[in-house]
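Peer 1:
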Amino acid sequence: DHIVQTTELTKRYGNFAALHRCSLEVLRGEIFGLLGPNGAGKTTLIRLLLGYLHRTSGEANVAGYDPACDSVEVRRRVAYLPGDARLPRHMRGRGVLEFFAQMHPCGDVQRTLDVANRLDLDLSRRVAFMSTGMRQKLALAVVFGPRTPLLILDEPTANLDPSVRGEVLSLVLSERDEGRTVMFSSHVLSEIEQTCDRVAFLRRGELVRKLVMEDLFQRH
Ligand code: ADP
Ligand code: ADP
């Protein structure tokens with residue numbers, strides 16, 4: 015049973031293919047890793063899945079809907095952390111969390127506060143006065159708030175120091191325990207190894223390999 019499926023999904027800018035004939039499936043309840051260097055097409059794929067970008071060709075289905083036609087239905091069922099998350103600078107951390115929890119159809123204030131607490135975040139500070147790492151934690155607390163069936167994280171551990179990185183990975187693992195599906199992109203193999211059930215390797219817009227994690231270990 016899959017929650018994401020793409021068939022030959024392609025996005026071109028002129029003659030340049032940011033994503034070229036990408037076919038993959040993400041199964042319900044798994045942690046799916048999208049691994050590749052900068053520029054590989056990870057963000058392009060994610061934005062196509064949410065309907066923020068229009069595909070050139072191919073098919074996509076997310077939680078039962080085609081993001082090209084029903085992006086509103088898709089986004090109701092997905093919590094998404096963009097790579098360049100922007101937060102209202104004038105608000106305090108707590109206000110940001112309450113605001114986004116109220117905005118999302120699956121929002122849950124207590125849950126988002128719990129996540130912030132787990133990340134040891136000072137919520138009394140205004141976003142404008144937070145460090146990059148604190149803003150990233152706040153963005154994570156926002157995205158882990160809604161109880162959506164699918165969570166898509168674009169480079170969630172970028173800008174974080176190693177101890178917080180570990181905390182993020184353990185948050186991802188607890189989502190799976192609650193039956194949610196998580197898809198996350200990274201250019202760091204080790205964190206994909208630690209967390210994911212299956213992984214797709216992207217390079218220059220092409221899906222070069224799909225692996226079940228156990229197979230990766232066997233081949234080492
Ligand atoms: P990743 O997330 O893996 O770092 P991206 O999906 O952001 O990669 O980018 C894939 C490729 O598409 C990159 O080479 C990038 O420069 C290119 N690209 C992304 N957006 C555009 C755009 N609007 N116009 C032209 N090229 C783009
Ligand atoms: P400035 O610092 O230029 O005076 P403000 O603090 O008034 O900007 O923010 C203007 C709006 O831009 C804010 O409401 C916020 O939503 C958005 N914004 C701009 N940059 C960022 C950022 N780095 N993080 C979050 N939100 C931002």
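Just so we're aligned: the sequence shown equals residues 15 to 234 in UniProt numbering. All C-beta atoms, glycine included, are put in the ideal place defined by N, C-alpha and C. Just so it is clear, the structure is predicted and the values come from calculations on it, not from any experiment.
1) Please output, in chain order, the residues near ligand 1 using a CB cut-off of less than 5 angstroms to any non-hydrogen atom of the ligand.
2) What alpha helix (DSSP H) runs, 4 residues minimum, are completely inside the region 114–181?
3) Please confirm if the region 101–121 is in contact with the region 148–163, defined as three or more CB-CB distances below 8 angstroms between the two stretches.
4) Within 10 angstroms of the Cβ of Val226, are there 16 or more other Cβ atoms? Answer buried if so, exposed if not.
5) Between which two residues does the beta strand (DSSP E) holding Thr195 run?
6) Decide if the region 65–72 is in contact with the region 81–93; the criterion is three or more beta carbon pairs, one per stretch, under 8 angstroms apart.
7) State yes or no: is the C-beta of Ala214 within less than 8 angstroms of the C-beta of Leu95?
8) Taking Leu95 as part of the beta strand (DSSP E), name the residues at either end of that continuous run.
9) Which residue marks the beginning of the alpha helix (DSSP H) containing Leu59, and which one marks its end?
10) From Ala93 to Thr195, what distance separates their C-alpha atoms?
11) Counting along the chain, where does the alpha helix (DSSP H) carrying Glu205 start and finish?
12) Measuring straight from C-alpha to C-alpha, what distance separates Val123 and Asp168?
13) What would DSSP say about Arg26, mapped onto helix, strand or coil?
14) Should Ala142 go down as buried or exposed, given a rule of 16 or more other Cβ atoms within 10 Å for buried?
15) Using a Cβ cut-off of 8 angstroms (strictly closer), state whether Leu41 contacts chain D.
Peer 2: So, to answer that:
1) Tyr27, Ala32, Asn52, Gly53, Ala54, Gly55, Lys56, Thr57, Thr58
2) 123–132, 146–158
3) yes
4) For the purposes of this step, residue 226 is identified with residue 212 of the sequence shown, where counting begins at 1. With fewer than 16 Cβ atoms within 10 Å of its Cβ, Val226 is classed as exposed.
5) Locating residue 195 in the sequence shown gives position 181, counting from the first residue. Here the beta strand (DSSP E) through Thr195 covers 195–200.
6) yes
7) If you number the sequence shown from 1, residue 214 lands on position 200. If you number the sequence shown from 1, residue 95 lands on position 81. No; because the gap between Cβ atoms is not below 8 angstroms, this pair is not in contact.
8) Position 81 of the sequence shown, counting from 1, holds the residue named residue 95. It spans 92–95 - the beta strand (DSSP E) in which Leu95 sits, taken as one unbroken run.
9) Locating residue 59 in the sequence shown gives position 45, where the first residue counts as 1. From DSSP, the alpha helix (DSSP H) with Leu59 extends over 56–63.
10) Taking the first residue of the sequence shown as 1, we reach residue 93 at position 79. Taking the first residue of the sequence shown as 1, we reach residue 195 at position 181. Using only the alpha carbons, I get a separation of about 11 angstroms.
11) Residue mapping note: residue 205 aligns to position 191 of the sequence shown, counting from 1. Glu205 -> alpha helix (DSSP H) spans 203–209.
12) Here residue 123 refers to the residue found at position 109 of the sequence shown. Here residue 168 refers to the residue found at position 154 of the sequence shown. Whole-angstrom Cα-Cα distance: 23 angstroms.
13) In the sequence shown, the residue the question calls residue 26 occupies position 12. It is a strand residue.
14) If you number the sequence shown from 1, residue 142 lands on position 128. That one is exposed.
15) Absent here is chain D; the protein component of the structure consists of one chain.
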